[in-house]
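Engineer: Below: one structure in structure tokens.
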Amino acid sequence: MRFALITAVLALSTGSAFAESKNNTPHALACMKKYGFTYAEWRAYAVPAEKAVPYRKCRDGR
Numbered sequence: 080m081r082f083a084l085i086t087a088v089l090a091l092s093t094g095s096a097f098a099e100s101k102n103n104t105p106h107a108l109a110c111m112k113k114y115g116f117t118y119a120e121w122r123a124y125a126v127p128a129e130k131a132v133p134y135r136k137c138r139d140g141r
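80 is the number of the first residue of the sequence shown in the working numbering; add one for each residue after it.
The structure is reproduced here in structure tokens:
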């Protein structure tokens with residue numbers, strides 16, 4: 080029982096560790112426009128890697 084509880088707590092707490100930055104801020108939306116896709120396309124996972132990689136760099140300020 081204790082093992083199941085520890086496993087559940089760890090599973091719930093690590094989910095946010097891999098989360099990306101917010102994508103609906105004005106800066107993020109401007110970066111989307113710069114690379115030619117919409118927020119709806121981003122949410123639908125329809126953005127190809129050649130657009131997603133530079134978008135993330137723009138959004139994160141790198």
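Backbone N, C-alpha and C fix where the C-beta goes; we use that ideal spot for every residue, glycine too.
All figures in this text were calculated on a predicted structure; none of them were measured in a lab.
Under a Cβ-count criterion, where at least 16 other Cβ atoms within 10 Å of its own Cβ denotes burial, should A80 be classed as buried or exposed?
Structural biologist: Position 1 of the sequence shown, counted from the first residue, corresponds to residue 80. A quick correction: the sequence has Met, not Ala, at residue 80. The residue in question, M80, is exposed, as its Cβ has fewer than 16 Cβ neighbours within 10 Å.
Engineer: Residue range of the alpha helix (DSSP H) that Y33 falls in?
Structural biologist: Residue 33 lies beyond the stretch modelled for the chain, which goes from 80 to 141, so this question has no answer here.
Engineer: Could you tell me how far apart the beta carbons of Y118 and N103 are, in whole angstroms, since I believe they sit closer than 8 Å?
Structural biologist: On the sequence shown, residue 118 is found 39 positions in, with the first residue counted as 1. On the sequence shown, residue 103 is found 24 positions in, with the first residue counted as 1. That pair is a contact at about 6 Å.
Engineer: Please classify Y134 as buried or exposed, where buried requires at least 16 other C-beta atoms within 10 Å of its C-beta.
Structural biologist: Translated into positions along the sequence shown, residue 134 becomes position 55. Per the 10 Å Cβ criterion, buried.
Engineer: Classify R141 as buried or exposed, calling it buried when 16 or more other Cβ atoms lie within 10 Å of its own Cβ.
Structural biologist: Counted from its first residue, the sequence shown places residue 141 at position 62. Residue environment: R141 is assigned as exposed (fewer than 16 neighbouring CB atoms within 10 Å of its CB, all protein chains considered).
Engineer: What number of angstroms, rounded off, separates the C-alpha of F82 from the C-alpha of A109?
Structural biologist: Looking up residue 82 in the sequence shown gives position 3. Looking up residue 109 in the sequence shown gives position 30. Cα to Cα, the separation comes out at about 46 Å.
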